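The working numbering puts the first residue of the sequence shown at 54, with every later residue one more than the last. We put the CB at the ideal spot given by N, CA and C, even for glycine. Computed from a predicted model, the values in this text were never measured in an experiment. Working notes, beginning with the structure itself.
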Amino acid sequence: WKVEWAAKWPTKSVIIETAGKDHFTKNGSRTIACKISVDVFDYPTPYPSDGYKTGSGYEFFNVGGKKMSTSKGQGVGFAESVNFAPAKMLRFLLIRTRPNTIIDFDPYKANDIILLYERYDEAEKIYFDKLDKGEKENLRQKRIYELSHVGKIPDRIPPQVNLAHCAMLVQTFNDNKLILKSLRDTNHISNNINKTEKENIIERISFAKNWIEKYAPEEFRFKLHEKI
54 WKVEWAAKWP
64 TKSVIIETAG
74 KDHFTKNGSR
84 TIACKISVDV
94 FDYPTPYPSD
104 GYKTGSGYEF
114 FNVGGKKMST
124 SKGQGVGFAE
134 SVNFAPAKML
144 RFLLIRTRPN
154 TIIDFDPYKA
164 NDIILLYERY
174 DEAEKIYFDK
184 LDKGEKENLR
194 QKRIYELSHV
204 GKIPDRIPPQ
214 VNLAHCAMLV
224 QTFNDNKLIL
234 KSLRDTNHIS
244 NNINKTEKEN
254 IIERISFAKN
264 WIEKYAPEEF
274 RFKLHEKI
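Here it is in structure tokens:
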């Protein structure tokens, strides 16, 4: 592995490649790969390394307090992760956390999921100047929001509906049209939302349904009886 890592740098023209802090421990795989790269392949080591200096790796992504590990089959796979949050929100989770800070996230914990959605919505409000957290924090949140997106950012703030409220609605109504009507009746959304904004609301409704069915604790679940 140590030789393979070094060999990939010149063959793939790699100039930047980081990794978890375990690979950057003294005399670990990065240290040896750097020496092979310099002494054998005569190739400049990718950032954050510089010659024999390995630099620093990033912190771990923990799931439920335990380090993700492919060899142990521990963690959350990509195929599963897209069931509890949209891709832009997962990017937001990664980008808002400093590289030298552990991310500890558990989709089966209600607080972790709800807080992720709430913090994303808060950053969105700051980006569209609907919320003021002070100049320094406003700039930080706006940049995080920008980097979380791929493609064009909307011209106006999309309608926001709390995940917990969506979770309640998907268990109350069995049709998206009824859910949208309820949101209009309670002034959560206006009558003049455009097609894209409507799709965003339906997307969150869909994620709320997945969360209730697969991840949410029992206290968030209920069932309405059709008859008394």
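According to DSSP, simplified to helix, strand and coil, what is residue i?
i: D75; result: helix
i: I254; result: helix
i: I167; result: helix
i: W264; result: helix
i: L236; result: helix
i: P63; result: helix
i: W58; result: helix
i: D174; result: helix
i: L161; result: Here the sequence assigns Tyr to residue 161, which means Leu is not the residue at that position. Coil, per DSSP.
i: E282; result: This structure does not reach residue 282, given that the chain is present from 54 up to 281, and the question cannot be answered.
i: E190; result: helix
i: R144; result: helix
i: N229; result: helix
i: F273; result: helix
i: K205; result: coil
i: K248; result: helix
Do residue i and residue j have their C-beta atoms within less than 8 angstroms of each other?
i: A59; j: F94; result: yes
i: L216; j: Y170; result: yes
i: W62; j: S82; result: no
i: N227; j: I258; result: no
i: L305; j: T225; result: Shown here, the chain extends from 54 to 281; a query on residue 305 therefore has no answer.
Using a Cβ-Cβ cutoff of less than 7 angstroms, which residues in the same chain neighbour residue i once the five nearest sequence positions on both sides are dropped?
i: N244; result: R237
i: I85; result: K55
i: D92; result: none
i: I167; result: L216 and A217
In terms of DSSP beta bridges, what is residue i paired with?
i: I69; result: Y100
i: K106; result: D103
Tell me which residue opens and which closes the alpha helix (DSSP H) that residue i is part of.
i: N244; result: From DSSP, N244 is part of no alpha helix (DSSP H); its letter is neither H nor E.
i: T225; result: L216 to T225
i: D92; result: S82 to D92
Give every residue of the same chain whose Cβ lies closer than 8 angstroms to the Cβ of residue i, excluding the five residues on either side of it in the sequence, and list them in chain order.
i: C87; result: A59, T98, S102, G104, Y105, K106 and T107
i: I246; result: P212 and I254
Tell me which residues share the same chain as residue i and place their Cβ nearer than 6 angstroms to its Cβ, disregarding the 5 neighbours each side in the sequence.
i: A261; result: L216, C219, A220 and V223
i: Q194; result: A176 and I179
i: F145; result: Y173 and S201
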